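Chains as they are written, first to last, in the working numbering: chain A, 30 to 122; chain B, 34 to 207. By construction, the Cβ of each residue, glycine as well, lies at the ideal position given by its N, Cα and C atoms. Quantities reported herein were computed from a predicted structural model and do not represent experimental measurements.
The structure is reproduced here in structure tokens:
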């Protein structure tokens, strides 16, 4: 049960935050690439900052074991990002 | 508190902070970094085990993205419910074939255009996320919080191609 409840709750609040942040709207996504609405950046960078402080505070206190950091392979990350950007700006996801 | 829940849209800083808490919760209690794109690959792999076992047995599904109903798939279902509840609370939930006024202004009201763009764009996004090793959530935010180089290379790539794409799509209306 815990195997289902944990991820389900994680998803619930994830979706809740995205919807309240306005990230489910086409115009919010595409306008970040037109620099007329920076909601996506404000949202993402705030999340990074909050998660960073919290995660490393807990880790420094010895309460949390850090998971594997997303692997860096420069060409793959870059080419993947380039392809991703086309879809994101084109469809507004 | 109740009026906050009923608000249609939060400040992106507040919503972003909530997302940050979700990441802390996931890392501390579940030992995972939240991601959205992986679920589609897990399910695709699961379908492949039924219709094309040889594909499901390749290196990618074997070692990178295991087929099956993983925690990511459950989280994806949760995302739909969470977003639905958030929209319902503020009374902004509605069913629409072409939801966005900006889209209609630029491309017209035709349903097929929006759905075709959504379908093809979805494929392109998922393909890019598969190569990069994650999407905006699993890689950009999930890696960014560790200051992982991969996250910032990915975000740079996203803008390097996203800006010209928007330029091409919007042309003089950019």
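Cβ separation of residue i and residue j, assumed to be a contact under 8 angstroms, to the nearest whole Å
i, j, result
"residue 45(B)", "residue 84(A)", "Their Cβ separation, rounded to whole angstroms, is 21 angstroms, which puts residue 45(B) and residue 84(A) out of contact at 8 angstroms."
"residue 111(A)", "residue 194(B)", "4 angstroms"
"residue 70(B)", "residue 167(B)", "7 angstroms"
"residue 190(B)", "residue 114(A)", "6 angstroms"
"residue 67(B)", "residue 120(B)", "With 8 angstroms as the limit, residue 67(B) and residue 120(B) do not qualify as a contact, their Cβ atoms being about 20 angstroms apart."
"residue 36(A)", "residue 43(B)", "Rounded, the Cβ-Cβ distance is 24 angstroms, inconsistent with contact."
"residue 48(A)", "residue 116(B)", "4 angstroms"
"residue 114(B)", "residue 42(A)", "With a Cβ gap of about 10 angstroms, residue 114(B) and residue 42(A) do not count as contacting."
Rounded straight-line distance, which links the Cα of residue j to that of residue i
i, j, result
"residue 79(A)", "residue 97(A)", "19 angstroms"
"residue 183(B)", "residue 34(A)", "30 angstroms"
"residue 14(B)", "residue 117(A)", "In the structure as shown, chain B begins at 34 and stops at 207. Residue 14(B) is therefore absent and cannot be evaluated."
"residue 150(B)", "residue 87(A)", "42 angstroms"
"residue 89(B)", "residue 65(B)", "24 angstroms"
"residue 136(B)", "residue 148(B)", "12 angstroms"
"residue 71(A)", "residue 49(B)", "7 angstroms"
"residue 92(B)", "residue 80(B)", "16 angstroms"
"residue 172(B)", "residue 186(B)", "10 angstroms"
"residue 82(B)", "residue 100(B)", "8 angstroms"
"residue 159(B)", "residue 138(B)", "27 angstroms"
"residue 87(B)", "residue 102(A)", "27 angstroms"
"residue 99(A)", "residue 192(B)", "20 angstroms"
"residue 156(B)", "residue 146(B)", "15 angstroms"
"residue 204(B)", "residue 141(B)", "16 angstroms"
"residue 46(A)", "residue 59(B)", "14 angstroms"
"residue 38(A)", "residue 200(B)", "38 angstroms"
"residue 180(B)", "residue 90(A)", "20 angstroms"
Proximity of residue i and residue j at Cβ, strictly below 7 angstroms
i, j, result
"residue 39(B)", "residue 123(B)", "yes"
"residue 61(B)", "residue 93(A)", "yes"
"residue 105(A)", "residue 111(B)", "no"
"residue 125(B)", "residue 41(B)", "yes"
"residue 154(B)", "residue 119(A)", "yes"
"residue 131(B)", "residue 144(B)", "yes"
"residue 75(B)", "residue 118(B)", "no"
"residue 57(A)", "residue 68(A)", "yes"
"residue 62(A)", "residue 196(B)", "yes"
"residue 77(A)", "residue 178(B)", "yes"
"residue 96(B)", "residue 78(B)", "no"
"residue 161(B)", "residue 109(A)", "yes"
"residue 73(A)", "residue 174(B)", "yes"
Selection of the stretch 63 to 92 of chain B by Cβ proximity to chain A, strictly under 7 angstroms: Taking 7 angstroms as the Cβ-Cβ cut-off, the stretch 63 to 92 of chain B approaches chain A at 63, 64, 65, 66, 67, given in chain order.
task: Please list the residues of the stretch 187 to 202 of chain B that have a C-beta atom closer than 8 angstroms to any C-beta atom in chain A, keeping them in chain order.
output: From the stretch 187 to 202 of chain B, only 187, 188, 189, 190, 191, 192, 193, 194, 195, 196, 198, 199, 202 have a Cβ closer than 8 angstroms to chain A.
field: Residues from the stretch 144 to 163 of chain B in contact with chain A, defined by Cβ distance under 9 angstroms
entry: Within the stretch 144 to 163 of chain B, contact with chain A at the beta-carbon level (separation under 9 angstroms) is assigned to 147, 150, 151, 152, 153, 154, 155, 156, 157, 158, 159, 160, 161, 162, 163.
- prompt: According to a CB-to-CB cut-off of less than 9 angstroms, which residues of the stretch 92 to 114 of chain B neighbour chain A?
  reply: Those would be 103, 104, 105, 106, 107, 108, 109, 110, 111, 112, 113, 114, in chain order.
- prompt: Given a limit of 8 angstroms on CB to CB distance, which residues of the stretch 102 to 120 of chain A reach chain B?
  reply: Within the stretch 102 to 120 of chain A, the qualifying residues are 102, 103, 105, 106, 107, 108, 109, 110, 111, 112, 113, 114, 115, 116, 117, 118, 119, 120.
- request: With 9 angstroms as the C-beta to C-beta threshold (strictly closer), list the residues of the stretch 166 to 182 of chain B near chain A in chain order.
  value: Correct list: 166, 167, 168, 169, 170, 171, 172, 173, 174, 175, 176, 177, 178, 179, 180, 181, 182.
query: Any residues in the stretch 41 to 53 of chain B with a beta carbon nearer than 7 angstroms to a beta carbon of chain A? Which ones, in chain order?
result: Across the stretch 41 to 53 of chain B, CB contacts with chain A closer than 7 angstroms involve 42, 43, 45, 46, 48, 49, 50, 51, 52, 53, in sequence order along the chain.
- prompt: When you check each C-beta in the stretch 125 to 141 of chain B against every C-beta of chain A, which residues fall closer than 8 angstroms?
  reply: Result list: 132, 133, 134, 135, 136.
field: Interface residues of the stretch 41 to 70 of chain A facing chain B [CB-CB below 7 angstroms]
entry: For the stretch 41 to 70 of chain A, the beta-carbon criterion of a distance under 7 angstroms to any beta-carbon of chain B is satisfied by 41, 42, 43, 44, 45, 46, 47, 48, 49, 50, 51, 53, 54, 55, 56, 59, 62, 63, 68.
Contact list for the stretch 79 to 90 of chain A against chain B, Cβ threshold 7 angstroms: Those residues of the stretch 79 to 90 of chain A that come within reach of chain B (Cβ to Cβ, closer than 7 angstroms) are 79, 80, 81, 83, 84, 87.
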